[in-house]
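In this note's numbering, the protein residues as written are 93 to 591.
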Amino acid sequence: MFGSRRLSYAQVVRDAAALAAAGRELGIERGDHVAVDLPNWPEWVVAMLATARLGAVLVPLHPTLGYHELTYQLRHTDARLAIASDAIGDVEYSEFVEEAMPDLPSLGHVVTVGVEDAWPDARVRRFRDLVVRGRSRAPVFEPIGDDAALALLYTSGATGKPKGVVLSHRSVLHAAREVAGALGLSSEDRVLAAVPLFTIFGLQIVVSSLVEGATLVLLEQFAPGAALDLLEGERVTVCHGVPTMFELMMRHPSFARRDLTRIRTGVVAGSPVSVDLVRRIREWNDVQIAYGLTETGPTVSVTRFEDALDRRERTVGRPVADVEVRVRDATTGMLHGPGAVGELAVRGPNVMIGYHRMPAATDRVMDKDGFFVTGDLAYVDAEGYVTIVGRQTDEIIRGGYNVFPREVEDVLRTHPGVDDACVVGVPNPILGELTCACVVTVEGAAVDGDALREFCGEQLADYKVPDVVRFFDTFPTTGNGKVIRRELARVVEREMETT
């Protein structure tokens, strides 16, 4: 369901089968990578199912990627086919086809959604035309095993370069079914998909709804008023979101007069959720709290309706079926007992195959016993409930999106007026964290915060652009010259509290 469009399961399956058949004619084979660069549209779901029928690998991309990020990810995956809206990211087709495609030798075709005019290039096809053509072709359904790759999703890594997380059919389906079971999802439910589908959270919303036969209500791009309109007007029963989404909806001027009585549950995940926030959400939506990462398909643990109230408010629940967790010393690797804080490690069918073309990075996060080391600090009580207390890394979680400071710092340092940069996260009641760029300027340079934010916006996705910019003469450093990020973040936080 999208706007005035109403598609049955039979229609979606027919379109996916037709697109797969047309894709095979374009040369897409088992194991090939298919990039999908679309908002939350029905074509995204059709493309996902068609890719799976071909035995190919879905590569969901952020629709607002800048030119350099987009070309990096397409080159890194060796994508054979790209399916995109009337522009690829923020790049117009003419620029992309003429400038980027010659540097992407694996990319044979671009498929456009929503473009009415035919493009005068044999490598550019229209989505609608391919579906029509595929209906007259022999059906394609490539038999593959559960451990075959289903999707490759990008997430920031310790080097600041995005990592491609490869997930199998088994990992995605296992996590989706477990969450559907925890929610009691059924074909009677109407599920709002406001979370971006290119994220692992968004992918899980789609897959869990499909496996249970629920109605999927798509919101192209989250806005609190639009989300509330759909919740009320489409009689939604299941509403998922990151904490920021729920906070913004509840702050909307129209929230108090909305009829949301049909909503029964959903998942809140993607960043830490406070006890106060979850209590306010549960006044109208009896959500479950879930914890996971892109590398874990995503769900590691989730609360359940039958859990005691304090466990439902203060923990991220117990691990889902067949998933094991360990808490270990981040330095020695020794295991901790119940209640002791350490680094959380996870093993189970939900865990990724590995990072695409990064075997060394994969080895660093997988221990000898097959556990994925999350980098999150947690403790597990005697009954198996998991509580997340912090993160090992400096990663910033802004509105449910992960922002790795080094990636933003590298861009800032290319500005001629910037001598040094350090990006930190500061608490924010709506987004969870704000991204603050701390900058030391070149002596005599005339540069302000707006100019630096605009500079970043030309090279980074919108959610990575610093929310605020603060200028410093020097940064606090350790004896070996390393910037003390926590101290810098405290300085910024105190300054923002007094302004």
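All C-beta atoms in this analysis are idealised placements derived from N, C-alpha and C, irrespective of residue type, glycine included. Owing to the predicted nature of the structure, the values given are computational and were not obtained by experimental measurement.
Its chain contains Ala108, Ala109, Ala112, Val232, Phe233, Glu234 as the residues whose beta carbon lies nearer than 7 Å to that of Arg145, once the 5 sequence neighbours on both sides are disregarded; these appear in chain order.
Each of Val328, Ser228, Gly541 was checked against the Cα of Leu310, and the nearest Cα belongs to Val328. Contact between Met444 and Val258 holds: their C-beta atoms lie close to 6 Å from each other, under 8 Å. Here Glu487 is buried. Its C-beta has 16 or more other C-beta atoms within 10 Å. The Cβ neighbour count for Pro194, taken over all protein chains shown within 10 Å, is under 16; the residue is labelled exposed. Under the 10 Å beta carbon count, Ser100 is surrounded by fewer than 16 other beta carbons and is classified as exposed. Ile355 sits in coil when the DSSP states are folded into three classes, being neither helix nor strand. Put simply, the region 347 to 354 does not touch the region 384 to 395. Fewer than three CB pairs are less than 8 Å apart. Contact between Val205 and Glu135 is confirmed by a C-beta separation of about 5 Å, below the 8 Å threshold. Counting only residues of its own chain and dropping the five nearest sequence neighbours on each side, Pro497 has a CB closer than 6 Å to the CB of Asp486, Val515. As summarised for the region 438 to 463, the continuous alpha helix (DSSP H) elements at least 4 residues long and confined to that stretch are 451 to 457, given in chain order. Here Cys548 is not bridged, per DSSP, to any residue. No Cβ-Cβ contact shorter than 8 Å links Val561 with Val518. By the C-beta density criterion, Asp455 is exposed, having fewer than 16 other C-beta atoms within 10 angstroms. Judged by DSSP in its simplified three-state form, Glu525 adopts strand. Cα atoms of Glu398 and Ala272: separation of roughly 15 Å, rounded to the nearest angstrom. Its chain contains Val287, Ala361, Gly362, Pro390 as the residues whose beta carbon lies nearer than 7 Å to that of Phe293, once the 5 sequence neighbours on both sides are disregarded; these appear in chain order.
Cβ atoms of Ala127 and Leu153 come within 8 Å of each other, at about 6 Å.
With 16 or more neighbouring CB atoms inside 10 Å of its own CB, Phe464 falls in the buried class. Listed as beta-bridge partners of Pro519 by DSSP are Glu525. In the three-state reduction of the DSSP assignment, Gly325 falls in the helix class.
Setting aside the 5 residues that flank it on each side, Glu579 is surrounded in the same chain by Pro568, each with a C-beta closer than 6 Å to its C-beta; the list follows chain order. Each of Ser263, Val298, Ala148, Val151 was checked against the Cα of Val104, and the nearest Cα belongs to Val298. Under DSSP, Gly333 takes part in a beta bridge, and its partners are Val360. Using a 10 angstroms sphere on the CB of Gln313, the tally of other CB atoms stays under 16, which defines it as exposed. For the 8 Å CB-CB criterion, Val438 and Val408 do not form a contact. The DSSP-derived three-state label of Gly384 is strand. CA-CA distance, Arg374 to Leu320, rounds to 16 Å.
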